[in-house]
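Chains Z, H, A and U, in that order, give the protein sequences.
With the UniProt record's numbering, you'll find the first sequence wraps up at 279, consecutive numbering, no jumps.
With the UniProt record's numbering, you'll find the second sequence wraps up at 279, consecutive numbering, no jumps.
With the UniProt record's numbering, you'll find the third sequence wraps up at 279, consecutive numbering, no jumps.
With the UniProt record's numbering, you'll find the fourth sequence wraps up at 279, consecutive numbering, no jumps.
4 protein chains.
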Amino acid sequence: MLKGLSRAGLGSIGSDEHLIAAAGKYGFHTVDIDARGLIDRNGLEGARALLAKYDVAIGSIGLSVEWRNSEEKFREGLSRLADDAAAAAALGCRACCTYVLPATNDKAAHFAVIATRRLRTCAQILGAYGIRLGLEFVGPHHLRTAWANPFLWTLEETLDWIAAIGEPNVGLLFDSYHWYTNGLTVADIEALSPEQIVHVHINDAPDVPVEEARDNGRLYPGEGVIDLAGFLSALNGIGYKGSVTQEILAAEPPAQSPEELLVRSQRAYDRVYKAAGLA
Amino acid sequence: MLKGLSRAGLGSIGSDEHLIAAAGKYGFHTVDIDARGLIDRNGLEGARALLAKYDVAIGSIGLSVEWRNSEEKFREGLSRLADDAAAAAALGCRACCTYVLPATNDKAAHFAVIATRRLRTCAQILGAYGIRLGLEFVGPHHLRTAWANPFLWTLEETLDWIAAIGEPNVGLLFDSYHWYTNGLTVADIEALSPEQIVHVHINDAPDVPVEEARDNGRLYPGEGVIDLAGFLSALNGIGYKGSVTQEILAAEPPAQSPEELLVRSQRAYDRVYKAAGLA
Amino acid sequence: MLKGLSRAGLGSIGSDEHLIAAAGKYGFHTVDIDARGLIDRNGLEGARALLAKYDVAIGSIGLSVEWRNSEEKFREGLSRLADDAAAAAALGCRACCTYVLPATNDKAAHFAVIATRRLRTCAQILGAYGIRLGLEFVGPHHLRTAWANPFLWTLEETLDWIAAIGEPNVGLLFDSYHWYTNGLTVADIEALSPEQIVHVHINDAPDVPVEEARDNGRLYPGEGVIDLAGFLSALNGIGYKGSVTQEILAAEPPAQSPEELLVRSQRAYDRVYKAAGLA
Amino acid sequence: MLKGLSRAGLGSIGSDEHLIAAAGKYGFHTVDIDARGLIDRNGLEGARALLAKYDVAIGSIGLSVEWRNSEEKFREGLSRLADDAAAAAALGCRACCTYVLPATNDKAAHFAVIATRRLRTCAQILGAYGIRLGLEFVGPHHLRTAWANPFLWTLEETLDWIAAIGEPNVGLLFDSYHWYTNGLTVADIEALSPEQIVHVHINDAPDVPVEEARDNGRLYPGEGVIDLAGFLSALNGIGYKGSVTQEILAAEPPAQSPEELLVRSQRAYDRVYKAAGLA
């Protein structure tokens, strides 16, 4: 499994170009960045050369389409999506991800059917470029009541949603924090096939009752209470070969410098990969 | 538009064979019956001969698949569905309908995505036989709170759901009672294309505040307060050519005999068709 | 049914802006033009104002995606398609059409499955904007052997292809020349539902054996041997309400001026509409 | 990877019940049989008990739907398919397979689009029961001209067809004979993801020019010239975990007894698995 970095947890890491260089320097294989922006600034060949120089690939791009609001906003995003997908494909990236909030101010069933159609359209466009769409279920309990009506947050619900979307290239973004806050187990991972997982996020949770773990209260891997050894060895056991990307969402900017945070991240990965019996 | 009969509103009308004969006798063009049962009892040629004898067609069959409960129940129904569809197709019927309760005890978003997948599968099987699936939105206000969580009941929501299901052969069962209890207008019908409508139900509502109209408190066409002239002329105006089938759901069995109810139904249709400027 | 103009048959008619003005002046309701170009040159409000000024709508845009060649070319077209669709939708256009050559130098079955996937993707993107995709089957016999392997050219084959594509918003571009050169009849039109037809082309054929009618040997409506009265009255009879757009493909540029050709087209429409018992 | 048996290559092996017992006795993990027949004869519990007794699972059922001929035949098969799928699912089988002849007497493009729709419907019904559909491309050169028009026979074409079918549960039946007769390499397998492969067949080819290898001239694994060590290790390397099922199609019934053929098959598997560095 590839070690990946996102910007979340690295403080003021600077440009995506700098993130790529830092990833390469600190032993990471992938970065989650905006592929189109990288090409816009460096040209296609320049972008490829930069990634090649640091032996870093793009783990996933974010879904830029606004699928949660008005139809007008949604449509505006669709033409950008084809460009995003073309850029990602040109740089060898095969994943595009979005998150699913566990509650909504809209009527839940109506929002569900509208979002099903919209995400299907997104998946169809991405699929034309060989890119998969990953849906991230979001576990922290406080978010389930942060909007008026409960939406979808469990693994089972998300798999049922993926089946409703019905496109071959839709799967999960599997985040250790949401695995933990949903009370899932190693057996729940072992019941999955690797192709059901488009992308993985890793981070840790503080030693508070699981119901109190805040979405923006995440820790570096191995600094908290999540069984990340079990998480990683189960993912590896089922044959998942993609990125495991750090995403440390926090209420406050980190006190350390980007360099210190990169060292901390590198050590965190060494620790949890070793605990999982990997490399 | 074809005048159609269902059993609802005809009391103890007897067998489907009798319903067919009665429909023919009282000037109706279609009946909503179980096509497979008709073939089972009469053979395919016998069933065709019976329909031909009375110049009556089958307007719609009901969806026998249980799509609202367990996956096991759902799967059990699927093999029956192919047989139902084969029987209906053999008798020239092109419609299969189900209703959508406006509330559910399940978590609404989760039920929405599961039902989306299940109804898509039903539509796909029906589609293999050239049969369309009609979804009936249900308007009476009291049903919206009859189960724990609100589901889908408006025209707009149902059209959005049909788009989420995403099969070419899914459309609306458009019932005058649900049109009325949703506060819809002639303009809402005029905004539709005829192919969006798979089947039509007609009946009337008592002169009570619309919020108090009970689902099982329906009247014969023209005996109540619904603008059925507007309803019918709008449907005709957009080019709808299918069945307009009487469905009188009532709390108590009717006091009249089936013969009297047939006469009453025939006169009801004559009245509202005439008011709509139709033949 | 709306009277429509394309550029084909009007000689050096000039800009799309001029075509719109000419259409309005000569009693046509729609034009087939590049919606995006119109907006690019006039702004959205300017484009809308121009169409409103002449009381002309856009009948159909052309599918700009290159779905017949390499995957690379196909993908390049997809992001443009979303922009095309957005522009068409903003101007109220609901149709986008492409033609299907009756033979191919590719292996026919392989091309069929690749094109099925590509046109589905196109339909999905168009569908997100409420636009339908019309496929034009092409009848002239000489084209069936103009490339190495026979592809699809009959109505039945095209309907089967539409079913294989499987999206609700795909239908036919029905051209009188291809209806004629396929040996189709009024009954073949009467067997269709109006929603199966996305767009209609009209033109006439010379008095030669049907096998010898050349694709670029078309005449103005009523100047040849096609039963256009039957064609139009059948389309009207099934409830088709869209554009009937003139497309006169010819080997040589016309000898008359655009003004003369517009008069000729207007008279041609008056003649065949009258013969069909319309307007 | 599971060692699997089909009837092909075992002579007069007798009933499926006997095949199950023989598979268990000779170290095979799966059998390709008719799941519904097994339940019909033994009851569901009896069928489960029999499989459990011999520690044998069902590798794949055959697709009983006739998708190559008339629409009528196709529809007749659909209701059986739901029953087949229910039976297979009840016994834990997750695969249903069919083969694709490399030529057809039908017009190739038309047959391609009809078959695309039909196989999609089959996949949709199977998918409702959690079963995947495997398409077997067929490589022997003589079959490519055995009917009038070339159809699909390469890996690339079949993957393109699977994309055209467009259902998440469709993949390949990958047969070593067709891999060999198509001139494919280990690298072609390594380019696949394991989820693209629904089922695997294994057998060997005689030492004749590849163009002359007959479809019914197959040998037991390891008795011919196919690089089965490369075949198996590549499949294992990409993470394929399903059945590798023997299928020895031959022009004449084998001279040996079923017992002798089972011993021969067992030794054949031991040999090629060992050569591939497995078990």
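Even glycine gets a Cβ: it sits at the ideal position worked out from N, Cα and C.
Residue i at chain U interface by Cβ criterion, 7 Å
i, result
"A/L152", "yes"
"Z/E195", "yes"
"H/A82", "yes"
"H/T121", "yes"
"H/A146", "no"
"Z/G239", "yes"
According to DSSP, residues forming a beta bridge with residue i
i, result
"A/Y99", "A/E136"
"U/D204", "U/L219"
"A/A57", "A/T30"
"H/L5", "H/V31, H/Q246"
"Z/N149", "Z/T104"
Presumed contact (8 Å Cβ cut-off) between residue i and residue j, rounded CB distance
i, j, result
"A/V244", "A/G4", "6 Å"
"A/L2", "A/L262", "So it is not a contact: roughly 17 Å between Cβ atoms."
"H/A234", "H/V186", "5 Å"
"H/N105", "H/W147", "5 Å"
"U/D16", "U/L38", "6 Å"
"residue 280 of chain A", "A/I238", "Examination of residue 280 of chain A is not possible in this model, given that chain A is present from 1 through 279 alone."
"Z/A276", "Z/L219", "Their Cβ separation, rounded to whole angstroms, is 17 Å, which puts Z/A276 and Z/L219 out of contact at 8 Å."
"U/A8", "U/L192", "With a Cβ gap of about 24 Å, U/A8 and U/L192 do not count as contacting."
"U/A82", "U/I131", "Rounded, the Cβ-Cβ distance is 11 Å, inconsistent with contact."
"H/K260", "H/N203", "A quick correction: the sequence has Glu, not Lys, at residue 260 of chain H. With a Cβ gap of about 17 Å, H/E260 and H/N203 do not count as contacting."
"U/G46", "U/S64", "Actually they do not touch by this definition, with Cβ atoms about 22 Å apart."
Start-to-end residues for the beta strand (DSSP E) that takes in residue i
i, result
"Z/D175", "170 to 175"
Beta carbon proximity, residue i to chain Z, threshold 7 Å
i, result
"A/D188", "no"
"A/Q124", "yes"
"A/A35", "no"
"A/A47", "no"
"U/P168", "yes"
First through last residue of the alpha helix (DSSP H) which encompasses residue i
i, result
"A/K241", "That residue, A/K241, is in no alpha helix (DSSP H); it is neither H nor E in DSSP."
"A/F25", "This sequence places Lys at residue 25 of chain A; Phe is not what is there. Its alpha helix (DSSP H) spans residues 16 to 25."
"A/L262", "258 to 275"
"U/G77", "71 to 90"
"A/E230", "The displayed chain sequence assigns Gly, not Glu, to residue 230 of chain A. Residues 228 to 237."
"H/V65", "Taken as a continuous stretch (DSSP letters only), H/V65 belongs to no alpha helix (DSSP H), as it is neither H nor E."
"H/R144", "141 to 144"
"Z/A251", "Taken as a continuous stretch (DSSP letters only), Z/A251 belongs to no alpha helix (DSSP H), as it is neither H nor E."
"A/T154", "Looking at the DSSP string, A/T154 is not in any alpha helix (DSSP H), and its letter there is neither H nor E."
"U/A187", "186 to 190"
Residue i at chain A interface by Cβ criterion, 7 Å
i, result
"Z/Q256", "no"
CB contact below 7 Å: residue i versus chain H
i, result
"U/A128", "yes"
TODO: Check distances from the C-beta atoms of the segment 51 to 81 of chain H to those of chain U and list, in chain order, the residues that come in under 7 Å.
DONE: Here the close residues are R75, L78, S79.
Open item on the list: Closer than 8 Å between beta carbons: that is the criterion. Which residues of the segment 154 to 166 of chain Z meet it against chain H?
Closed with: E157, D160, W161, A163, A164, G166
TODO: Using a Cβ-Cβ cut-off of less than 9 Å, give me the residues of the segment 85 to 116 of chain A that come near chain U, in sequence order.
DONE: T104, K107, A108, A109, H110, F111, A112, V113, I114, A115, T116
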